Amino acid sequence: MNSLKEISKILEGKLEGDPDFKIKVVNSLDNAGPDEIAIAVKPEMITEKINAGALVVKENSSIRYKNLIYVEDPYIALSTLISHFLPLERFSHGIGEFVSVAASASIGTDSSIGDHSYIGEKVEIGKNCEIHSGVRIYNNVKIGDNALIYSNVVIREDVVIGNSVVIQPGAVIGSDGFGFARDKTGKPLKIPQRGNVIIGDNCEIGANVCIDRSTLDSTQICDSVKIDNLVQIGHNVKVGESTSISAQSGISGSTEVGKNVIMAGQVGLADHIKVGDGVMIAAKTGISGNVKDKSIVAGIPQQELMSWKRSQVILRNIEKYIERIKILEKKIGETEKK
Amino acid sequence: MNSLKEISKILEGKLEGDPDFKIKVVNSLDNAGPDEIAIAVKPEMITEKINAGALVVKENSSIRYKNLIYVEDPYIALSTLISHFLPLERFSHGIGEFVSVAASASIGTDSSIGDHSYIGEKVEIGKNCEIHSGVRIYNNVKIGDNALIYSNVVIREDVVIGNSVVIQPGAVIGSDGFGFARDKTGKPLKIPQRGNVIIGDNCEIGANVCIDRSTLDSTQICDSVKIDNLVQIGHNVKVGESTSISAQSGISGSTEVGKNVIMAGQVGLADHIKVGDGVMIAAKTGISGNVKDKSIVAGIPQQELMSWKRSQVILRNIEKYIERIKILEKKIGETEKK
Amino acid sequence: MNSLKEISKILEGKLEGDPDFKIKVVNSLDNAGPDEIAIAVKPEMITEKINAGALVVKENSSIRYKNLIYVEDPYIALSTLISHFLPLERFSHGIGEFVSVAASASIGTDSSIGDHSYIGEKVEIGKNCEIHSGVRIYNNVKIGDNALIYSNVVIREDVVIGNSVVIQPGAVIGSDGFGFARDKTGKPLKIPQRGNVIIGDNCEIGANVCIDRSTLDSTQICDSVKIDNLVQIGHNVKVGESTSISAQSGISGSTEVGKNVIMAGQVGLADHIKVGDGVMIAAKTGISGNVKDKSIVAGIPQQELMSWKRSQVILRNIEKYIERIKILEKKIGETEKK
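Protein chains in written order, with our numbering: chain A, 10 to 347; chain B, 10 to 347; chain C, 10 to 347.
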């Protein structure tokens with residue numbers, strides 16, 4: 010239980026209402042009860058059904074309610090409130106049951122290894138890490154401090170992971186890149202993949218994501234990159250700082266993605282191209298060539314979003330335009346007869 | 010071995026042929042031998058190569074054959090025959106080797122836990138469940154009766170699963186939703202995801218599927234929903250009863266999909282939209298806004314299927330139409346000269 | 010350390026430079042040091058920053074450098090050099106810790122089973138195989154010689170795998186096909202999937218790939234097929250010899266893909282169609298019908314690549330064409346007035 014005064018202080022917000030009103034927990038706007046606080050982003054969300062004890066709103070919001078906390082950014086406030094009221098329980102402590110840890114592996118203080126996990130030779134795991142159950146960490150992997158690695162993640166040999174990285178269940182880091190020559194008879198011949206993957210600090214890797222190791226160098230995921238579920242990152246790719254990649258997107262080999270790029274879902278990037286900083290990519294876009302900094306793109310292949318939208322409007326009405334061509338042809342025919 | 014009379018009774022069908030003819034097993038139409046039964050859907054499938062002892066056909070079928078069983082729905086008959094002749098063997102019995110089961114977990118009668126599986130604190134598993142090898146079930150998960158959970162599935166904390174649910178290998182239920190605020194410097198800041206996933210009765214979840222937990226409420230998969238491999242379900246999504254989602258499709262956060270929707274493969278749904286009941290969605294469709302009940306849609310963004318098809322025919326001939334514009338321009342030019 | 014003379018012999022190349030020059034390892038062109046060799050494909054890649062001790066180039070290359078080895082195919086040379094200088098270390102030897110192997114399973118000489126793996130009844134594993142940690146092999150699976158199966162792979166019952174097959178982490182082989190009838194009330198009713206998957210020799214299966222078992226027959230992956238990460242192969246599919254399938258592509262049920270097909274990323278194939286031999290499919294293509302041998306296709310639905318490209322150029326300029334229609338209409342209007 011916290012008073013609104015306390016919560017307002019935590020959120021660096023401005024309180025309007027009863028400072029002594031007690032809040033038990035944060036909840037969603039629809040489900041928050043009389044002793045719960047919720048975030049409200051748009052005035053039209055405030056209906057008669059809303060039953061929360063207090064609301065957090067943006068500082069210039071027109072929302073009126075019994076207890077309000079005005080904040081600069083409600084989403085940051087949401088993050089703060091959930092961390093405060095609903096902290097994540099530790100999965101386990103120490104070394105679990107049926108664990109294989111190589112003698113040459115080193116595990117930092119306050120780090121835990123869940124049941125049935127495998128830690129290979131010369132693996133280095135930093136302080137305060139949580140490795141859950143069924144995780145497979147191959148030889149020579151290095152992981153920084155505060156890692157949170159969920160069950161059944163596989164991290165292959167020589168991968169390097171920074172501090173405070175979260176990896177959701179089932180992700181595979183360091184699988185072989187998809188590189189094949191064709192032999193004289195036309196059969197595919199594997200090009201062995203002996204590079205690695207380097208992941209920076211504060212990254213999040215989604216469930217069942219695949220990040221391929223480089224052929225000889227490193228596939229690079231820079232600091233604060235956030236990758237959603239089922240994303241594919243090819244070999245020798247570089248993803249710049251703070252870029253966000255939504256579910257089921259894929260980046261082909263040797264492509265470089267800039268900083269602060271926002272990629273929506275099911276996007277595909279061709280190989281050996283460069284996508285600039287601050288680019289925004291609409292869902293299902295297929296990018297076949299370089300993209301300049303701060304572009305907003307959509308389509309297969311990509312074009313500037315506004316131009317793509319105008320084309321889409323025309324395409325939806327293309328039958329009418331064809332009709333107009335036919336009318337013109339008829340009229341011209343008649344004119345010619347005269 | 011069953012007589013055709015017996016099989017006909019099981020299928021609630023009408024037999025034409027030898028009631029005492031013995032059948033060993035069901036097989037595919039191409040491979041069924043003289044003591045085997047197969048399903049035949051179209052007359053053109055019946056060639057000289059067909060060697061089955063008997064055929065199951067639709068009640069008004071024009072197929073002629075030595076032994077025939079007429080049924081209302083041959084696909085239901087196929088399901089019945091495979092279940093009858095080729096029942097699934099139980100994976101294991103009781104608690105396997107190298108299993109971790111928390112003392113506070115409860116496991117119903119006739120349920121089995123496969124080798125190397127992990128069952129967390131306060132997990133409740135119903136009766137007659139099969140949990141295979143390498144499954145990870147986090148704390149407070151509840152699973153109903155008759156579950157069939159294949160190897161290496163991960164079910165994260167607080168997930169609730171109904172009765173008679175099948176989960177194929179490698180699926181991840183309850184991974185964190187992809188929710189980030191941006192801090193004052195523009196870096197992504199995680200919004201912790203503390204909701205859960207609720208899965209109804211008779212659902213099937215495909216291999217390597219990901220279903221994200223909600224931020225604060227529940228991601229909901231209603232009764233009889235069938236989800237194919239590599240599908241992504243975002244946080245706070247609701248999927249209505251008996252909806253079927255084909256492989257590699259993705260549903261973005263907070264989107265609501267109605268009942269009896271049929272989604273083909275590689276479909277993408279934007280976030281915060283509503284797709285009505287009975288909607289049919291063609292493969293590779295990108296849905297960016299609400300879709301009315303019973304619509305049939307295709308395209309990126311979606312449009313009504315028939316309109317999309319007509320547009321596609323025009324687009325395939327667009328060069329010819331452009332040629333016609335050029336001819337018109339030439340003619341107009343000539344007319345103007347006169 | 011090898012002399013250039015020795016390396017040239019291994020590569021069956023022609024040396025231009027110092028035959029006694031010693032090379033320590035192969036590296037990427039950008040990172041190779043003075044005692045390292047690299048592959049150079051294009052002359053424009055040779056900048057002042059290149060510091061390699063020697064370069065491998067194509068036999069008619071115009072590249073000039075201190076030490077050069079001319080070869081027929083630089084990519085084959087790369088494969089040879091990496092295998093020579095950077096051989097893959099064996100994951101483990103013998104049977105690991107916490108392993109479950111059924112008494113009726115047979116494991117060939119020099120094959121190893123990694124920690125926490127599960128080997129079911131009557132499984133047959135050939136000679137010189139490496140099964141890594143956390144692998145789940147169900148009953149009656151047969152695997153040939155020289156298999157390399159990475160961690161957390163799941164292979165379901167009755168699957169047959171040839172010689173020298175590589176399976177990257179997290180792949181699922183033999184999951185149930187997505188087959189449902191609808192019962193009288195419209196609810197989906199599972200058609201049990203009791204066929205299997207047959208994988209030929211020299212295949213590679215990517216990370217988190219899913220290959221569904223057939224309903225009653227076999228899903229077939231022929232010799233030398235290479236499948237990238239997160240690919241979906243539906244039930245009853247046949248993929249022909251030496252075909253290559255890039256990441257996140259999907260093939261729907263009962264579709265047949267020919268030999269030597271090259272499929273780029275995020276491609277989708279409808280069910281029950283035939284794609285001929287030697288077909289090339291551009292990224293994100295959606296194939297809805299049969300495709301003839303040696304076609305090159307793109308688009309949703311697919312069309313011949315060149316025709317698709319011409320259409321794309323027109324579509325990008327569609328606004329201008331619409332403008333030209335409007336001008337024509339105005340002119341015709343004026344002509345008619347006269």
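We treat Cβ as the ideally placed atom computed from N, Cα and C, and that holds for glycine.
Values in this document were obtained by computation on a predicted structure and should not be read as measured data.
Worksheet item: When you compare each of B/256, B/201 and B/234 to residue 216 of chain B by their alpha carbons, which one comes out closest?
Response: Out of B/256, B/201 and B/234, B/256 has the C-alpha closest to the C-alpha of residue 216 of chain B.
With distances taken between CB atoms, is the gap from residue 139 of chain C to residue 160 of chain C smaller than 8 angstroms? Between residue 139 of chain C and residue 160 of chain C, the CB-CB gap reaches or exceeds 8 angstroms.
Exercise for review: Specify, as a first and last residue, the run of the beta strand (DSSP E) that residue 206 of chain C falls within.
Suggested key: It spans 205-208 - the beta strand (DSSP E) in which residue 206 of chain C sits, taken as one unbroken run.
Exercise for the section: May I have a chain-ordered list of the alpha helix (DSSP H) segments no shorter than 4 residues that lie completely inside the region 155-226 of chain B? Expected result: Correct list: empty.
Among A/95, A/313, A/80 and A/242, which has the Cα closest to the Cα of residue 221 of chain A? It is A/242 whose Cα lies nearest to the Cα of residue 221 of chain A.
message = Can you check which of these residues, A/236, A/95 and A/33, is closest to residue 188 of chain B by C-alpha distance?
response = Between residue 188 of chain B and the set A/236, A/95 and A/33, the nearest pair of CA atoms involves A/236.
Kindly list the residues whose CB is nearer than 6 angstroms to the CB of residue 218 of chain B, restricted to its own chain and excluding five residues on each side of it in sequence; keep chain order.
Around residue 218 of chain B: 180, 236 and 240.
Next on the checklist: Pull the bridge partners of residue 277 of chain C from the DSSP assignment, please.
Outcome noted: Secondary-structure assignment with DSSP links residue 277 of chain C through a beta bridge to C/259 and C/295.
- prompt: Beta-carbon of residue 274 of chain C versus every beta-carbon of chain A: anything under 8 angstroms?
  reply: Residue 274 of chain C counts as touching chain A.
| query | From which residue to which residue does the beta strand (DSSP E) around residue 77 of chain A run? | reply | DSSP places residue 77 of chain A in the uninterrupted beta strand (DSSP E) bounded by 77-80.
If you count every other CB in all the chains shown that lies within 10 Å of the CB of residue 169 of chain C, and 16 or more means buried, which is it? If you draw a 10 Å sphere on the C-beta of residue 169 of chain C, you find 16 or more other C-beta atoms in it, and that means buried.
- Considering residue 13 of chain B, what are the terminal residues of the alpha helix (DSSP H) in which it resides? Run containing residue 13 of chain B: 13-19, per the alpha helix (DSSP H) assignment.
| query | From the DSSP output, which residues share a beta bridge with residue 305 of chain B? | reply | In DSSP, residue 305 of chain B forms a bridge with B/289.
Exercise. From this set, C/298, C/76 and C/47, which residue's C-alpha is nearest residue 279 of chain C's C-alpha?
Worked result: That would be C/298, whose Cα lies nearest to the Cα of residue 279 of chain C.
**Asked** Can you name, in chain order, every residue of its own chain whose Cβ lies under 7 angstroms from the Cβ of residue 28 of chain A, other than the five neighbours on each side?
**Response** Hits under 7 angstroms: 12, 13 and 14.
Assigned exposure category for residue 185 of chain A - 16 Cβ within 10 Å defines buried
Under this definition residue 185 of chain A is a buried residue.
**Report entry** Contacts of residue 205 of chain B in chain A (Cβ-Cβ under 7 angstroms)
**Finding:** Those do not exist, as residue 205 of chain B stays about 12 angstroms from chain A at its closest Cβ, beyond 7 angstroms.
Q | Boundaries (first-last residue) of the beta strand (DSSP E) holding residue 86 of chain B | A | Secondary structure note for residue 86 of chain B: it is in no beta strand (DSSP E), and the uninterrupted alpha helix (DSSP H) holding it is 83-94.
Point to revise | Under 8 angstroms (Cβ pairs) to chain C, residues found in the region 225-257 of chain A | key: Taken in chain order, the members of the region 225-257 of chain A whose beta-carbon sits within less than 8 angstroms of a beta-carbon on chain C are 225, 226, 239, 241, 243 and 257.
Task: Bounding residues of the alpha helix (DSSP H) (the contiguous stretch that carries residue 323 of chain C) - done: Taken as a continuous stretch (DSSP letters only), the alpha helix (DSSP H) holding residue 323 of chain C covers 314-325.
**Request:** Give the DSSP-derived three-state secondary structure of residue 346 of chain A in the structure shown.
**Result:** DSSP places residue 346 of chain A in helix when its eight states are reduced to three.
What whole-angstrom Cβ distance do residue 327 of chain A and residue 87 of chain C have, given they're in contact under 8 angstroms?
The pair is not a contact, with the Cβ atoms about 48 angstroms apart (cut-off 8 angstroms).
Q. Any chance the CB of residue 195 of chain A is under 7 angstroms from a heavy atom of the ligand NAD?
A. No copy of the ligand NAD occurs in the structure displayed, which carries no ligand at all.
task = In the DSSP assignment, find the unbroken beta strand (DSSP E) run with residue 268 of chain A in it and report its ends.
result = No beta strand (DSSP E) holds residue 268 of chain A; DSSP gives it neither H nor E.
With 8 angstroms set as the bound, which would you pick, yes or no: does the beta-carbon of residue 88 of chain A sit closer than that to a beta-carbon of chain B? Residue-level contact check: residue 88 of chain A touches chain B, since one or more beta carbons of chain B fall below 8 angstroms from its beta carbon.
Q) With a CB to CB cut of under 6 angstroms and the five nearest residues on each side skipped, what residues in its chain are close to residue 24 of chain C? A) For residue 24 of chain C, where only same-chain residues beyond five positions count, the Cβ hits under 6 angstroms are 13, 17 and 78.
**Asked** Is it true that the CB of residue 172 of chain C sits closer than 8 angstroms to the CB of residue 210 of chain C?
**Response** Yes.
Is DSSP giving residue 23 of chain B helix, strand or coil here?
Strand.
query = So residue 104 of chain B is in the beta strand (DSSP E); what residue range does that whole segment cover?
reply = First-last for residue 104 of chain B: undefined, no H or E at that position.
ask   = What whole-angstrom Cβ distance do residue 135 of chain C and residue 123 of chain C have, given they're in contact under 8 angstroms?
value = Not really, about 17 angstroms apart at Cβ, beyond 8 angstroms.
**Message:** Please list, in chain order, the chain C residues whose beta carbon lies closer than 9 angstroms to that of residue 37 of chain B.
**Reply:** For residue 37 of chain B, the chain C residues whose Cβ falls inside 9 angstroms of its Cβ are 204, 223, 224, 225, 226 and 245, in order along the chain.
Original post:
Identify the residues that DSSP records as bridge partners of residue 339 of chain C: which are they?
Top reply: None; residue 339 of chain C has no bridge partner.
* Asked: Terminal residues of the continuous beta strand (DSSP E) containing residue 67 of chain A?
  -> Per DSSP, residue 67 of chain A belongs to the beta strand (DSSP E) from 63-67.
With 16 other Cβ atoms within 10 Å as the buried cut-off, status of residue 356 of chain A: It is not possible to answer for residue 356 of chain A, since the shown part of chain A is limited to 10 through 347.
Nearest to residue 46 of chain A by CA position, among A/93, A/281 and A/81, is which residue? Of the candidates A/93, A/281 and A/81, the one whose C-alpha sits nearest the C-alpha of residue 46 of chain A is A/93.
Residue 303 of chain B and residue 277 of chain B closer than 8 angstroms at C-beta: Using a Cβ distance threshold of 8 angstroms, residue 303 of chain B and residue 277 of chain B do not count as a contacting pair.
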